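Residue numbers (my numbering): 3 to 361.
Virtual Cβ for every residue (Gly too), placed ideally from N, Cα, C.
No experiment lies behind these values; they were computed from the predicted model shown.
Here is the structure we will look at, set down as structure tokens.
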Amino acid sequence: MRLPSRVPAWVLREGTRAGHLPAILAPDEPSAPVPSPSAPLMIALANKPSILIDRATRGASGWNDVTLLYQEGQSDLSLNYFEENAGPEHLRQQLMTLDPRTSDVWRLLTAKALENDRDDLFAPITVKPEELARALGLKPHPKGGMRQKDLLHCTQSLFHLERLWLIMPDAKDPEEATRERVLAVMKRGRGRRVDGQVIPSSWTVVLGEWARYFPKRYAPIFRSLVELPANSATNLWAKQVGTEVTYWLRETAEDTSAVRSITVQTLLARASLLPDVLDMRQNKNLNRAIERFEATLDLLRSLGVHDGWTYDPLSTQALDRQQGRPAFFETWLASQVILQVPDVLLSALGEMTERSTPT
3 MRLPSRVPAW VLREGTRAGH LPAILAPDEP SAPVPSPSAP LMIALANKPS ILIDRATRGA
63 SGWNDVTLLY QEGQSDLSLN YFEENAGPEH LRQQLMTLDP RTSDVWRLLT AKALENDRDD
123 LFAPITVKPE ELARALGLKP HPKGGMRQKD LLHCTQSLFH LERLWLIMPD AKDPEEATRE
183 RVLAVMKRGR GRRVDGQVIP SSWTVVLGEW ARYFPKRYAP IFRSLVELPA NSATNLWAKQ
243 VGTEVTYWLR ETAEDTSAVR SITVQTLLAR ASLLPDVLDM RQNKNLNRAI ERFEATLDLL
303 RSLGVHDGWT YDPLSTQALD RQQGRPAFFE TWLASQVILQ VPDVLLSALG EMTERSTPT
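What follows is the structure, given as structure tokens:
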């Protein structure tokens with residue numbers, strides 16, 4: 003069979019597939035570009051103020067709804083929710099809308115600030131609500147772009163962060179202490195109205211001056227945690243527990259062991275979940291608390307945050323002895339959880355320890 007001098011490549015391929023032409027005539031299939039998967043970890047700021055901001059923006063429960071202050075235990079740092087020309091009641095209503103997505107947005111902003119040069123935390127960064135929505139793993143609209151409700155949500159998170167002021171530990175009375183904006187908004191892009199609210203097309207922000215006063219410290223955060231939908235109690239717990247696991251491992255990075263242990267109570271307290279558990283126990287829902295905690299650890303394994311978990315043998319024996327007794331709850335809180343640290347996290351922590359400045 004004689005073929006014309008010029009035959010489209012797709013004709014040759016289809017002809018060989020159908021058996022009408024010898025396979026040798028078929029050109030190679032065009033190779034579609036393989037998208038490179040996103041790195042499982044992103045690097046976020048993890049010094050004392052940044053972690054405080056992360057915890058404060060997980061919800062309104064830890065805030066004083068009278069003073070609009072957030073403070074942890076005996077910490078010498080605190081946060082104030084404040085906006086000029088806004089009344090206390092309006093601010094209180096806004097504060098009550100805080101949810102874990104705001105802490106996700108905070109970590110994304112610090113990660114973006116560190117993308118180019120970790121030594122320059124003060125380069126202005128520009129983000130768009132659409133960009134944040136995608137980074138949060140939210141589903142796009144079937145007709146393209148991101149859903150309006152998700153753009154509103156991301157915009158609200160940015161407004162929350164704009165209202166945060168860090169109160170420095172230079173005076174005993176918070177009213178007399180130096181106050182620094184958590185972040186300064188340098189510019190907003192042209193806005194459009196969605197459901198009665200104006201959504202700026204972009205935000206150009208820079209970290210406040212407070213970042214100059216504290217040691218630079220970073221932590222690897224799993225993207226799978228940031229992208230995890232906040233649509234169930236277990237997912238919410240996983241976001242907070244998983245983030246605190248990485249903060250804890252960063253703080254103790256000198257221990258390079260792949261097997262680490264931490265008490266249930268410490269993990270719950272760091273994740274801002276201990277009050278919820280105490281409420282469950284008060285309402286005779288202790289079993290639900292334990293089941294949710296264990297389901298959270300199982301979910302974190304599937305997300306790659308650890309390679310496996312168990313209670314240590316002595317804790318298991320103590321739990322067996324106290325089963326059905328009043329002391330069971332305290333025994334469970336004191337139980338040691340053993341975690342297998344994944345290699346990707348150990349490598350990242352090792353790299354950070356090598357290049358970190360003294361903290």
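Sort out for me which residues DSSP pairs Val-208 with in a bridge.
Ala-186
I think Val-339 touches Trp-311, with their Cβ atoms under 8 angstroms apart; what is that distance to the nearest whole Å?
The beta-carbon distance between Val-339 and Trp-311, rounded to whole angstroms, is 6 angstroms. This is short enough to meet the 8 angstroms contact definition.
Relative to the C-alpha of Leu-270, which residue among Leu-299, Ala-255 and Leu-70 is closest?
Among Leu-299, Ala-255 and Leu-70, the Cα nearest to that of Leu-270 is on Leu-299.
Tell me the rounded alpha-carbon separation between Leu-316 and Val-196.
Approximately 57 angstroms, taken between the alpha carbons.
Is the stretch 252-261 in contact with the stretch 284-292, if contact means three or more CB pairs nearer than 8 angstroms?
no
Please list the terminal residues of the continuous alpha helix (DSSP H) segment that includes Met-44.
Here Met-44 belongs to no alpha helix (DSSP H); instead the beta strand (DSSP E) covers 43-47.
Enclosing alpha helix (DSSP H) for Arg-165 [first to last residue]:
From DSSP, Arg-165 is part of no alpha helix (DSSP H); its letter is neither H nor E.
Please look up how many angstroms separate the CB atoms of Arg-57 and Glu-74, rounded, as I've assumed it's under 8 angstroms.
Indeed they touch by this definition, with Cβ atoms about 7 angstroms apart.
Is it a yes or a no for the stretch 150-159 touching the stretch 175-192, going by three-plus beta-carbon pairs under 8 angstroms?
no
Tyr-215 by DSSP, collapsed to three states: which one?
In the structure shown, Tyr-215 sits in coil (DSSP, three-state: anything other than H, G, I, E or B).
Whose C-beta lies closer than 6 angstroms to the C-beta of Gly-352 among residues of the same chain, with five residues either side of it excluded?
none
Within the same chain, show all residues whose beta-carbon is closer than 6 angstroms to that of Leu-341, passing over the 5 residues directly before and after it, in chain order.
By the criterion of a C-beta distance shorter than 6 angstroms, Leu-341 is surrounded in its chain by Arg-262, His-308 and Trp-311, once the five residues flanking it on both sides are discounted.
The stretch 98-105 in contact with the stretch 182-201 per 3-pair CB rule at 8 angstroms:
no
Identify whether Ser-52 lies in helix, strand or coil by the three-state DSSP scheme.
helix
At 4 residues or longer, what runs of the alpha helix (DSSP H) sit wholly inside the stretch 74-132?
90-97 and 102-115
Hey, could you find the ends of the beta strand (DSSP E) Trp-202 is sitting in?
This sequence places Pro at residue 202; Trp is not what is there. 199-202 is the extent of the beta strand (DSSP E) around Pro-202.
DSSP state of Arg-181 mapped onto helix, strand, coil
strand
Only counting runs of 4 or more residues, tell me where the alpha helix (DSSP H) segments fall wholly within the stretch 232-310, in order along the chain.
235-253, 266-272, 276-284 and 288-304
In the DSSP output, which residue or residues are listed as bridge partners for Leu-71?
Asn-66 and Asn-82
Thr-333 and Gln-324: beta carbons closer than 7 angstroms?
yes
What do you reckon, are the CB atoms on Val-187 and Leu-166 nearer than 7 angstroms?
no
With distances taken between CB atoms, is the gap from Arg-109 to Ala-62 smaller than 7 angstroms?
For Arg-109 and Ala-62, no; Cβs fall outside 7 angstroms.
Check for me: the beta strand (DSSP E) holding Ala-221 runs from which residue to which?
220-224
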